[in-house]
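Novice: One structure is given below, represented as C-alpha cells, and several questions about it will come after.
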Amino acid sequence: MPSIAFTSEQSTSITLSGNITANTAYYIAVPAVTLSAGWSISFTDNTGDVYTRTGSNSITFKRNTIINLGEFSRTDNNLKLTLTQNGNVPADKQVDMGVFNIGGTNYRLIFTKSNLIATGLAASESAYGDYFAWGATKPWYTSYKGTTINGWKEGHKSGYASGTAPTFSPEYTSEKDFEMSDDPARKILGGDWQIPTKAIWEALVYNSSSKGWDSGYKFTNNSQTLFLPAAGYVRATRFSEYGSGARYWSGTAYSSSYAYRLSFSDSKLNVGNDLGRQYGCPVRPVRLVAVD
Numbered sequence: 173m174p175s176i177a178f179t180s181e182q183s184t185s186i187t188l189s190g191n192i193t194a195n196t197a198y199y200i201a202v203p204a205v206t207l208s209a210g211w212s213i214s215f216t217d218n219t220g221d222v223y224t225r226t227g228s229n230s231i232t233f234k235r236n237t238i239i240n241l242g243e244f245s246r247t248d249n250n251l252k253l254t255l256t257q258n259g260n261v262p263a264d265k266q267v268d269m270g271v272f273n274i275g276g277t278n279y280r281l282i283f284t285k286s287n288l289i290a291t292g293l294a295a296s297e298s299a300y301g302d303y304f305a306w307g308a309t310k311p312w313y314t315s316y317k318g319t320t321i322n323g324w325k326e327g328h329k330s331g332y333a334s335g336t337a338p339t340f341s342p343e344y345t346s347e348k349d350f351e352m353s354d355d356p357a358r359k360i361l362g363g364d365w366q367i368p369t370k371a372i373w374e375a376l377v378y379n380s381s382s383k384g385w386d387s388g389y390k391f392t393n394n395s396q397t398l399f400l401p402a403a404g405y406v407r408a409t410r411f412s413e414y415g416s417g418a419r420y421w422s423g424t425a426y427s428s429s430y431a432y433r434l435s436f437s438d439s440k441l442n443v444g445n446d447l448g449r450q451y452g453c454p455v456r457p458v459r460l461v462a463v464d
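For the sequence shown, the residue numbers in the numbering used here are 173 to 464.
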C-alpha cells in the first residue's frame, strides 16, 4: 500500500507496479491532511493515458478513516504530454526544487538527480558522469577511470583543446540560449530536459533557501536537496579541480568562443563566463514547469 507525505502547494508522484483493473477498489494511505479546493489525483498507465479525480471542495483525511474518492475518469488524451515531459527519466530520478522566477515567469525547476552521460544519466548522484564540450552530445574520450583518460576518439587526440576540438554551435553568440532542437540534454534524454541556462543557474544560486559545500555542492529548497558532485572539468587532456570543485555547463553562450558555467569549490560559488567551449564539463539536466 503506497503512502504519500503532503505539504502545501506540492505535487507528489509515486510509481506503482502490477495490474490495475476496472471496477476494482484501490487504496492509498495518506497522513491526516486537508487538501484545498481544486485538488486532483491522477494515475497514468503504461500507455500514457491519464485517469483523474478532482474536487471542487476541500477534503480532509482523518486517521483510521476510509474515504471513497469515487470513480477516476479518463482524461483527454492530450494529457499524454504530461508523461512525455519526463523523457527517459523516471520520477524517482528527479528532484523538484520548487518555484523560481526565470525571466519574469514562475517555473518549477525539476532537476535530474545525477549528471548526464552519453546514454542517459549517471548511476548515482555522486557519480561524476561524462564530460562534454559545449553543445556536444558525446564525450571525446573513449573512457576514463578516476583522473586517467583511457584514449581519445579520432579527431580529438589532443583532448578538449582549441584547434583539435572544434567549437560546437558557432551560431550561438552573445547571451543566446540553446534552441531546444540543439540542446544536448534534450537530444539525449528527450522530454522537456535541457541544460540549465545562465538564468536558471543564477536563480538556483541566489534564491535557494540554503546551500553549502559537502564534497560537492548542496542546494536546498522546497524541502528538497540537489547535490552536484565535485567532478572538476577536463582541460586539454588533464582533469582540473577533480574532487575539489567543478564547472557545470550552462546552455547560454557568452561569445563565439566562450559560454557561461556554474563554478564551485569549498570557497566559491558563482556563475561566470570564463570557460572556453572546447573544455569538457559535466552537465546536470533540468526541466521547467510553468506555474500560473
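Cβ atoms here follow ideal geometry from the backbone N, Cα and C, with glycine treated the same way.
Would DSSP call ALA418 helix, strand or coil?
Specialist: Taking the first residue of the sequence shown as 1, we reach residue 418 at position 246. In this structure, ALA418 counts as strand in the three-state DSSP scheme.
Novice: Name the two residues that bound the continuous alpha helix (DSSP H) containing LEU447.
Specialist: For the purposes of this step, residue 447 is identified with residue 275 of the sequence shown, where counting begins at 1. Element bounds for LEU447: not the alpha helix (DSSP H) but the beta strand (DSSP E), 441-448.
Novice: In three-state DSSP terms, what is LYS325?
Specialist: Counting from one through the sequence shown, the residue named residue 325 turns up at place 153. Residue state, collapsed to three classes: coil.
Novice: For the candidate residues SER230, THR345, TRP421, GLY363, whose alpha-carbon lies nearest to that of SER427?
Specialist: As a position in the sequence shown, residue 427 is number 255, starting the count at 1. Closest option to SER427, Cα to Cα, is THR345.
Novice: I need the straight-line Cα distance from LEU447 to ALA408, nearest angstrom please.
Specialist: Position 275 of the sequence shown, counted from the start, is the residue given in the question as residue 447. Position 236 of the sequence shown, counted from the start, is the residue given in the question as residue 408. Distance between the alpha carbons of LEU447 and ALA408: 13 angstroms.
Novice: Using the C-alpha atoms, what's the distance from ARG433 back to TYR451?
Specialist: The residue given as residue 451 occupies position 279 in the sequence shown. The residue given as residue 433 occupies position 261 in the sequence shown. Taking the straight line joining both Cα atoms gives about 11 angstroms.
Novice: Can PRO356 and PHE391 be called in contact, C-beta distance under 8 angstroms?
Specialist: Along the sequence shown, read from residue 1 onward, the residue named residue 356 stands at position 184. Along the sequence shown, read from residue 1 onward, the residue named residue 391 stands at position 219. Taking 8 angstroms as the Cβ cut-off, PRO356 and PHE391 do not qualify as a contacting pair.
Novice: Whole angstroms are fine: how far does the CA of VAL271 sit from the CA of LEU255?
Specialist: Here residue 255 corresponds to residue number 83 of the sequence shown, with the count starting at 1. Here residue 271 corresponds to residue number 99 of the sequence shown, with the count starting at 1. Only weak support exists for where LEU255 lies, its pLDDT of 43 falling under 50; the coordinates are left without a value.
Novice: Suppose you measure from the CA of VAL406 to the CA of TYR332; what does that come to, to the nearest Å?
Specialist: Start at 1 with the first residue of the sequence shown, and residue 406 comes out as number 234. Start at 1 with the first residue of the sequence shown, and residue 332 comes out as number 160. Distance between the alpha carbons of VAL406 and TYR332 is about 7 angstroms.
Novice: Is the Cβ-Cβ distance between SER435 and ARG449 less than 8 angstroms?
Specialist: Residue numbering aside, residue 435 sits at position 263 when the sequence shown is read from its first letter. Residue numbering aside, residue 449 sits at position 277 when the sequence shown is read from its first letter. Result no, Cβ atoms of SER435 and ARG449 do not sit closer than 8 angstroms.
Novice: Let's test the definition: count the other Cβ atoms within 10 Å of the Cβ of ILE404 and tell me whether it reaches 16, buried, or not, exposed.
Specialist: Your numbering for residue 404 matches position 232 in the sequence shown. Note on identity: in this sequence residue 404 is Gly, with Ile being the wrong assignment. Buried: at least 16 other Cβ atoms inside 10 Å.
Novice: Specify, as a first and last residue, the run of the beta strand (DSSP E) that ASN393 falls within.
Specialist: The residue labelled residue 393 in the question sits at position 221 within the sequence shown. Element bounds for ASN393: 388-393.
Novice: How is the beta strand (DSSP E) around TYR279 delimited, first residue to last?
Specialist: Here residue 279 corresponds to residue number 107 of the sequence shown, with the count starting at 1. Run containing TYR279: 277-284, per the beta strand (DSSP E) assignment.
Novice: For ASN445 and ALA201, what's the separation of their Cα atoms in angstroms?
Specialist: By one-based count along the sequence shown, residue 445 stands at place 273. By one-based count along the sequence shown, residue 201 stands at place 29. Approximately 49 angstroms, taken between the alpha carbons.
Novice: Between which residues of its own chain and GLY301 is the CB-CB distance below 6 angstroms, once the five residues before and five after are set aside?
Specialist: In the sequence shown, residue 301 corresponds to position 129, counting from 1. ASN287, LEU288, ILE289, ALA294, PRO454.
Novice: Using the beta-carbon count (16 or more within 10 Å), is TYR199 buried or exposed?
Specialist: Here residue 199 corresponds to residue number 27 of the sequence shown, with the count starting at 1. TYR199 comes out exposed.
Novice: Tell me the rounded alpha-carbon separation between ILE282 and PRO342.
Specialist: Walking along the sequence shown from the start, residue 282 turns up at place 110. Walking along the sequence shown from the start, residue 342 turns up at place 170. Cα to Cα, the separation comes out at about 29 angstroms.
Novice: For ALA431, which residues does DSSP report across the bridge?
Specialist: Against the sequence shown, residue 431 aligns to sequence position 259. For ALA431, which the question treats as bridged, DSSP gives the partners ALA425, LEU447.
Novice: Can you check which of these residues, GLU351, ALA402, ILE213, is closest to ARG456 by C-alpha distance?
Specialist: What you label residue 456 is simply residue 284 of the sequence shown in a count that begins at 1. Checking every option, the nearest Cα to that of ARG456 belongs to ALA402.
Novice: With a threshold of 16 other CB atoms inside 10 Å of the CB of ILE372, please say whether the residue is buried or exposed.
Specialist: The residue you call residue 372 lines up with position 200 of the sequence shown. Classification of ILE372: buried, given that the 10 Å Cβ count is 16 or more.
Novice: Take GLN266 as the anchor and find which of GLU297, ASP349, VAL377 has the nearest alpha-carbon.
Specialist: What you label residue 266 is simply residue 94 of the sequence shown in a count that begins at 1. Here the closest residue by C-alpha is GLU297.
Novice: So for LYS234, helix, strand or coil by DSSP?
Specialist: Reading the sequence shown from its first residue, position 62 is the one you call residue 234. Residue state, collapsed to three classes: coil.
Novice: Just to confirm the assignment, what range does the beta strand (DSSP E) spanning LYS383 have?
Specialist: Along the sequence shown, one-based indexing puts residue 383 at 211. Note, LYS383: beta strand (DSSP E), 382-385.
Novice: Where GLY362 and VAL463 are concerned, what is the direct C-alpha to C-alpha distance, given to the nearest angstrom?
Specialist: On the sequence shown, residue 362 is found 190 positions in, with the first residue counted as 1. On the sequence shown, residue 463 is found 291 positions in, with the first residue counted as 1. Looking at the two C-alpha atoms, the distance is approximately 22 angstroms.
Novice: For TYR378, is the classification buried or exposed, using 16 other Cβ atoms within 10 angstroms of its Cβ as the cut-off for buried?
Specialist: The residue labelled residue 378 in the question sits at position 206 within the sequence shown. Flag for TYR378 reads exposed.
Novice: Using alpha carbons as the reference points, say which of LYS329, ALA425, ARG459, GLY388 lies closest to PHE437.
Specialist: Taking the sequence shown and counting its residues from 1, the one referred to as residue 437 is at position 265. A small fix is needed here, since residue 437 is Ser in this sequence, not Phe. The option with the nearest alpha carbon to SER437 is GLY388.
Novice: Quick one: using the 10 Å Cβ neighbour count with 16 as the cut-off for buried, is THR196 buried or exposed?
Specialist: The residue labelled residue 196 in the question sits at position 24 within the sequence shown. By the 10 Å Cβ count, THR196 comes out exposed.
Novice: Alpha helix (DSSP H) containing LEU400: first to last residue?
Specialist: On the sequence shown, residue 400 is found 228 positions in, with the first residue counted as 1. Segment 396-401 is the beta strand (DSSP E) holding LEU400; no alpha helix (DSSP H) there.
Novice: Look up GLY292 in the DSSP assignment and give the residues it is bridged to.
Specialist: Here residue 292 corresponds to residue number 120 of the sequence shown, with the count starting at 1. Note: GLY292 sits in a beta bridge opposite ILE289.
Novice: Nearest to LYS329 by CA position, among THR319, TYR313, LYS317, is which residue?
Specialist: Within the sequence shown, numbered from 1, the residue matching residue 329 stands at position 157. Checking every option, the nearest Cα to that of LYS329 belongs to TYR313.
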